[in-house]
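Participant: Residues -20 to -1, 1 to 214 in mature numbering (1 follows the signal peptide of the UniProt record, and there is no 0) are what the sequence shown spells out, letter by letter.
Note that CB positions come from ideal geometry on N, CA and C, so glycine has one too.
Here you go, one structure.
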Amino acid sequence: MWCQWLYFALLLSSLQLSVGKALSINAIPTLDLRPVPSDDLDDIKAPSFQADSLPLAQTIDHPALRKKLGKYYDPQYMSIGKPRLPHYLANNTNLSQYVVKVTGLDEKTVLPQFKDFKLTGYDGKIYKIGRDSRKKVKRWLSSTTFCRVQYKWIDLSSAIWPRYILQGSCINDRSCSIPPGMTCRGTEYKYKRLLTYTCLIKRSHDKNGKTIVHKRCTWRKFKFPILTRCECKC
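What follows is the structure in structure tokens.
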């Protein structure tokens, strides 16, 4: 909570410093400060497995594994075959089934204090912002401070079923605060159940003292976190 109050105090201070002897509607930027998506995000590394613990492709029974995973199979976030789309942004309306809420300073609920907002100019006079200017300020703040989730399909190898999972990450090509300093961080996750190929090894000895290795492999369920929401944080 203190972080949010500190952020808002710094925000007001930054706005006050930008006011001269008069405030006009055209003085508020609205088009050039919207964050631009970045294609240079770090790739999420898939877990590594030893070669001798990976199942052979011809031994993977997809219908049986689908039945084993049961109700936890979610085609929205997982895929048996390689997906066609490598990555996309969560606010792409053409992919509405993957859209998550974009977070930021909301014009209606988070910024009601701008209804009677006033600024002090360098001349010491108090200037009341008109309705149109307030709308532009709200729109500018909302578009400058929002956070988005970018999704990307990753290959978890043949030791995970389904092997392709949709993983999210926060876009941090610039600061999400005014003045800058805060960044978009993950705040909410969905946990999806997947299957992992696990081998249990037991060693014994025969009557001649020779070591015998018994290897038993099976598919086991485990939870995999998927980022679904990013927020501007200190």
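1. Classify residue 129 as buried or exposed, calling it buried when 16 or more other Cβ atoms lie within 10 Å of its own Cβ.
2. How would you label residue 148, buried or exposed, when you count the other beta carbons within 10 angstroms and need 16 or more for buried?
3. Roughly how many angstroms lie between the CA atoms of residue 125 and residue 100, to the nearest whole one?
4. Report the rounded CA-to-CA distance for residue 8 versus residue 117, giving the unit in angstroms.
5. Can you tell me the Cα-Cα spacing of residue -3 and residue 159, whole angstroms?
6. Is it the case that the Cβ atoms of residue 35 and residue 144 are separated by a distance below 8 Å?
7. Once DSSP output is grouped into helix, strand and coil, what is the label at residue 174?
8. Give me whichever residues DSSP pairs with residue 147 in a beta bridge.
9. Would a C-beta distance cut-off of 8 Å place residue 58 and residue 172 closer than the cut-off?
10. Output the boundary residues of the beta strand (DSSP E) element that contains residue 208.
11. Going straight from the alpha carbon of residue 181 to that of residue 161, what length do you get?
12. Per DSSP, which residues does residue 100 bridge with? Please list them.
13. With a threshold of 8 Å, are at least 3 pairs of Cβ atoms found where one atom belongs to the segment 199 to 214 and the other to the segment 162 to 169?
14. Which of the three DSSP states, helix, strand or coil, is assigned to residue 182?
15. What are the boundary residues of the alpha helix (DSSP H) that residue 41 is part of?
16. Quick one: give me the first and last residue of the alpha helix (DSSP H) that residue 154 is part of.
17. Who pairs with residue 169 in a beta bridge, going by DSSP?
18. What does the Cβ neighbour count give for residue 139, buried or exposed, with the cut at 16 atoms within 10 Å?
19. So what does residue 120 bridge to, in DSSP terms?
20. Grouping DSSP H, G and I as helix and E and B as strand, with all else coil, what is residue 59?
21. For residue 18, I'd like the list of residues in its chain whose CB is within less than 7 Å of its CB, leaving aside the five on either flank, ordered along the chain.
22. Is it true that the CB of residue 49 sits closer than 8 Å to the CB of residue 175?
Facilitator: Checking against the coordinates, here is how it stands:
1. So residue 129 counts as buried.
2. Buried is the call here.
3. In a straight line, the C-alpha of residue 125 is about 23 Å away from that of residue 100.
4. Confidence at residue 8 is low in this model, with a pLDDT of 36, below 50, so its placement is unreliable and the value that follows should be read with caution. The straight-line gap separating the alpha-carbon atoms of residue 8 and residue 117 is approximately 7 Å.
5. Note on residue -3: pLDDT 44, under 50, position unreliable in the model; the coordinate value appears next. Taking the straight line joining both Cα atoms gives about 12 Å.
6. Contact flag unset, no.
7. Strand at residue 174.
8. Residue 147 is bridged to 132.
9. Residue 58 places its beta carbon less than 8 Å from that of residue 172.
10. Boundaries of the beta strand (DSSP E) around residue 208: 191 to 213.
11. Distance between residue 181 and residue 161, taken at the CA atoms: about 51 Å.
12. Residue 100 pairs with 106.
13. Under the 8 Å Cβ criterion, the segment 199 to 214 counts as touching the segment 162 to 169, having at least three qualifying pairs.
14. Strand, per DSSP.
15. For residue 41, there is no enclosing alpha helix (DSSP H), as DSSP marks it with neither H nor E.
16. For residue 154, there is no enclosing alpha helix (DSSP H), since its DSSP letter is neither H nor E.
17. In the DSSP assignment, residue 169 forms a beta bridge with 207.
18. Its Cβ being crowded by 16 or more others within 10 Å, residue 139 is buried.
19. Paired residues: none, contrary to the question.
20. The three-state secondary structure of residue 59, taken from DSSP, is strand.
21. Annotation note: pLDDT 40 at residue 18 (below 50); position unreliable, coordinate value reported separately. Excluding residues up to 5 positions away in sequence, 151, 153 lie with their Cβ nearer than 7 Å to the Cβ of residue 18 in the same chain.
22. Closer than 8 Å, so yes.
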